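*Asks:* Our numbering puts the first residue of the sequence shown at 25, with every later residue one more than the last. One structure follows; several queries about it will come next.
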Amino acid sequence: AVVSTQSTGALMQLPNSDYVLCRAQLSQDMIDDPLTKKIDEVARLLETCQFPEFWNVIQEEKIFTTTVGFVEAVRNFVCFVLKLTYKNVEKDFLMQLLGPMTDQAIFEDLAEKNNWVVTGDTVFVGEKEEMVEQKEIVEKMPIDVVTPILAIR
């Protein structure tokens with residue numbers, strides 16, 4: 025029980041490598057434990073960004089639903105991945121990635137915390153700097169001003 029609690033806690037630290045380091049210290053007997061194998065499966069789903077499947081799998085094992093802060097930590101990891109991967113995401117798809125939510129306030133809190141901009145069915149999840157339109161600046165200098173600078177002596 026202690027090993028699975030520690031492993032689950034380490035998994036909550038993604039994208040940090042805590043889980044990999046924690047798992048490397050386990051004996052073969054511990055690795056062969058069914059709960060450890062389930063935690064490994066969940067870790068694989070998270071690390072390969074298979075978030076909708078992840079949300080289904082964690083419902084099967086009590087340790088994931090009862091560990092305080094586990095769901096929130098995973099949602100933070102999903103938000104981290106989204107920011108690296110997307111600029112704009114359809115809201116329905118985003119809701120699948122973030123997992124089941126008991127009410128809309130959870131989504132609104134995540135959106136505010138991550139500075140997302142919700143526009144209809146689309147959510148901007150990228151960096152704010154990416155929203156700013158770039159403007160090309162063209163300087164025009166007369167040739168008679170440039171000639172003395174470029175003259176070879």
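Think of the CB as a built atom: it goes at the ideal place given N, C-alpha and C, for glycine as much as any other residue. Predicted model only: the values in this text are computed from it and were never measured.
(1) Roughly how far, in whole angstroms, is the beta-carbon of Val66 from the beta-carbon of Phe101, given that I think they are within contact range, below 8 Å?
(2) Could you tell me if Val26 is buried or exposed, where buried requires 16 or more neighbouring beta carbons within 10 angstroms of its beta carbon?
(3) Any chance the stretch 122-135 sits against the stretch 165-172, with 3 or more Cβ pairs inside 8 Å?
(4) Could you compute how far the alpha carbon of Lys62 sits from the alpha carbon of Glu160?
(5) Taking contact to mean at least 3 C-beta pairs separated by less than 8 Å, is the stretch 108-117 in contact with the stretch 139-151?
(6) For the alpha helix (DSSP H) containing Glu114, name the first residue and the last one.
(7) For Arg68, count neighbouring Cβ atoms within 10 angstroms of its own Cβ and tell me buried if that reaches 16, exposed if not.
(8) Per DSSP, Val142 forms a beta bridge with which residues?
(9) Any idea what DSSP makes of Ala34, helix, strand or coil?
(10) For Ser31, which residues of its own chain have a beta-carbon under 6 Å away from its beta-carbon, when the five flanking residues on both sides are left out?
*Replies:* From the atom records:
(1) About 12 Å separates the two Cβ atoms, so there is no contact after all.
(2) With fewer than 16 other beta carbons inside 10 angstroms of its own, Val26 counts as exposed.
(3) No: the two stretches stay apart, fewer than three of their Cβ pairs being nearer than 8 Å.
(4) Looking at the two C-alpha atoms, the distance is approximately 53 Å.
(5) The answer is yes - the stretch 139-151 touches the stretch 108-117, with three or more Cβ pairs under 8 Å.
(6) Run containing Glu114: none in the alpha helix (DSSP H); it sits in the beta strand (DSSP E), 112-114.
(7) It counts as exposed.
(8) Under the DSSP definition of a beta bridge, Val142 partners with Val147.
(9) In this structure, Ala34 counts as helix in the three-state DSSP scheme.
(10) Same-chain partners within the cutoff: Cys46, Ile63.
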